[in-house]
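All residue numbers for the sequence shown refer to the working numbering, where the first residue is 22 and numbers rise by one. Even glycine gets a Cβ: it sits at the ideal position worked out from N, Cα and C. Reading through the structure tokens given below for one structure.
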Amino acid sequence: MENTATKTADAQAPKFPEQVTGMYILAESLKRLGLMDVYGLVGIPVTEAAYAMQKIGINYYGFRFEQQAGMAAATHGYLTKQPGVLLTVSSLGFLNGLTATINATVNCYPMIQISGASDPTMVDMDMGTYEQLDQLNSARPYVKAAFRCSHAKDIPQAVARAYRAAVSGRPGGVYIDMTTPALGEVMDASEAEKLFYTPVDIAAPVAPTQSAVDRAVEILTSAKRPAILLGKGAAYAQVDDKIKELIETYKIPYLAMSMAKGLMPDNGELSALSCRSTIMEKSDVVMVIGARINWMLSFGKGKWNPEVKFIQLDVEPKEMDRNVPIAAPVVGDMGESLDMILAAMKGKSMSADPQWLASLQAESKEKNAKFETRLADAANVMPMTHWTALSVVKPILESNPDVILVNEGANTLDDTRDSVDMFLPRHRIDCASWSIMGMGMGSAIGAAVSTGKKVVAVEGDSAFGFSGMDFATICRYKLPVTVVIFNNGGIYNGIGVNPSGGDAPAPTTLDINAKYNLIGEAFGANNYRVDNPADLKKALEEAIASGKPCLIDVQLADNSGKESGHIGYLNPTPLIDYTV
């Protein structure tokens, strides 16, 4: 009797493929929307969800830290215009991932965070359940949209709505609270199949008004000293040819923000990259394409010509007049806006003073020559400084223009950005609007996975410490990423002094003698430790050519670098003279 009962129970038990779980429905929901790469760190309750993803052909990339998986997803979204997907466990795993999702929202990268969550009925009653946290309401203030799946039937719709929310209008992060009951629920496969659908017009472009376009064209064509300022929103939009046509047809000088470098060549005939202060002080009309007039642009005040008129192209109406009045707001999809502007400018001519472009070109030539002299003078300085190392790195990266550059740090960020010219769009990834540290390894992985291109990450030693363990992820998935660590022994530099006179290291001091190359050795990567320009050149050329995971530990002088790099002015004045 007992055997008969057991056999009957076994026969009645749900079996795949006739029945499926919420975990399988989640995997299918992602696949059917073309979301074929997932970055995450598994555990209760999402482990088998990741296995389900792999089973149906989704590429799952397992990380050591949820924040870095989120940085990878965000970078994936920025480079592809398709949401990057992050999968995490609940509670602290969710919170670790949320930091990256918030950063994605601030920087307008489309991304979906899916986190396992405890039964919300138990959370609501404060029963002290496993990893209890009201994740949905914790996330809501920081994301574009948030959804909770309490049942398996909710999952396909939640994923489709999250996709739409992430990419529509101004892109950003979206959160899905994937509860344990929903993941574990069993449905007949035939009933589950009825839940899937393909959303229509998932990111329909919206055109600006013709009157807004006409106003912008009138102001631009009447300018005596015009300029175009390119932001990462312009790079994200992938309307490169339209921007090129506008700039080159009408001979308008351009200035690129950090992640827009390469959208037009940094060394182009019309580039005013070396004339930032002049553009701010003397331009009478500036067309801002996909950039925000925030702290990075002095809020449109300070050095800016007080009579300057801003034309601003942005998909978000709330961006207009944010810090200064916008003379010609053009609100709409970037491609639609540029098409309409180009059409309205046909047959018109610019009123620019011919000396304006000539003066910028002369200033660029002079400043670029001084910069080249600075690099040449530093080329043989020993111990190496940032500039010594960059005198080697610059020509190698510029001779490999299709390599994606990931860059973070303080002095390492600022000096690399100023040194290395970019020639292709979306080939520079950095800390963006928040100017954070801790995006390096995640962004390098996201860039390599989403594009298939080689990546070089130039990192300060402090910056590398935020994400360094995920170099193991680069190695595990055999990604073509070279990590270059500039080690000057500290945050900013290694010469900080403990003001108490005690033996403890100063707050900014790390380890000038650290052998970061051994991290590469630990995970089977090609690794190098260099302390001179010749060895750095050999190592970097070999590493890029190999197309394999590589780590180069570059020993710098401990006094190379200054506090906070180029933005030390943001620090409050201490009134005490510390050695930092």
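Sort out for me which residues DSSP pairs Ile573 with in a bridge.
Val505 and Tyr549
Could you tell me if His172 is buried or exposed, where buried requires 16 or more neighbouring beta carbons within 10 angstroms of its beta carbon?
exposed
Taking the C-alpha atoms as reference points, what is the distance between Met317 and Tyr498?
36 Å
When you compare only the Cα positions, how much space is there between Phe392 and Pro350?
36 Å
Using the C-alpha atoms, what's the distance from Met280 back to Leu577?
26 Å
Do three or more CB pairs link the region 422-429 to the region 471-486 at distances below 8 Å?
yes
Alpha-carbon to alpha-carbon, Ala71 and Asn421:
36 Å
Could you tell me whether the region 331-345 touches the region 372-389, where touching means 3 or more Cβ pairs closer than 8 Å?
no
Would you mind sorting Gln231 into buried or exposed? The rule is 16 or more other CB atoms within 10 Å of its CB.
exposed
Are the beta-carbon atoms belonging to Asn509 and Ala535 less than 8 Å from one another?
no
Per DSSP, what kind of secondary structure is Ser440 in: helix, strand or coil?
helix
Verify whether the separation of the beta carbon atoms of Gly356 and Lys282 is less than 8 Å.
no
Return no unless some Cβ of chain B is closer than 8 Å to the Cβ of Trp316.
Here chain B cannot be found, since the structure has a single protein chain.
Can you name the start and end residues of the alpha helix (DSSP H) that Gly486 belongs to?
Asp482 to Ser488
Assuming the contact rule is C-beta atoms closer than 8 Å, Phe602 and Ile506 should be a hit. Round their C-beta distance to whole Å, please.
Beyond the ends of the chain as shown, which are 22 and 601, falls residue 602; an answer cannot be given.
Using beta-carbon positions only, say whether Leu241 and Ile300 come within less than 8 Å of one another.
no
Assuming Val195 contacts Ala181 under a Cβ cut-off of 8 Å, what Cβ separation, rounded to an integer in Å, is found between them?
With a Cβ gap of about 11 Å, Val195 and Ala181 do not count as contacting.
So what's Ser471 in DSSP terms, helix, strand or just coil?
helix
Can you pull the DSSP bridge partners for Cys170?
Met199
Over what stretch of residues does the alpha helix (DSSP H) that includes Val424 continue unbroken?
Val424 -> no alpha helix (DSSP H), and no H or E assigned at all.
Helix or strand or just coil, what does DSSP make of Arg449?
strand
Let me check one thing: in DSSP terms, what residues is Val106 bridge-paired to?
Val59 and Ile133
Buried versus exposed, by CB contacts within 10 Å (16 or more), Trp408
buried
Evaluate contact between the region 57-69 and the region 102-119, counting only Cβ atoms and requiring at least three cross-stretch pairs below 8 Å.
yes
What is the DSSP secondary structure of Ile457, reduced to helix, strand or coil?
coil
Beta-carbon proximity check, Pro192 vs Pro131, cutoff 8 Å:
yes
I'd like the span of the alpha helix (DSSP H) that includes Phe331, first residue to last.
Premise fails: Phe331 lies in the beta strand (DSSP E), Lys330 to Asp335, not in any alpha helix (DSSP H).
I need the straight-line Cα distance from Thr68 to Met490, nearest angstrom please.
21 Å
By how many angstroms is the C-alpha of Val106 removed from the C-alpha of Gln134?
6 Å
On the CB-based measure, 16 or more other CB atoms within 10 Å of its CB, does Lys36 come out buried or exposed?
exposed
Considering only DSSP beta bridges, list what Glu429 is partnered with.
Glu480
With 16 other Cβ atoms within 10 Å as the buried cut-off, status of Gln3
Coverage of the chain is limited to positions 22 through 601, which leaves residue 3 absent and any answer about it impossible.
Which residues DSSP lists as bridging Leu276, in chain order
Leu250
Bridge-paired residues (DSSP) for Met308:
Ile249 and Ile332
Assigned secondary structure, Val180 (DSSP; H/G/I helix, E/B strand, else coil)
helix
Among Gln40, Ala431 and Asp579, which residue has its Cα nearest to the Cα of Glu212?
Gln40
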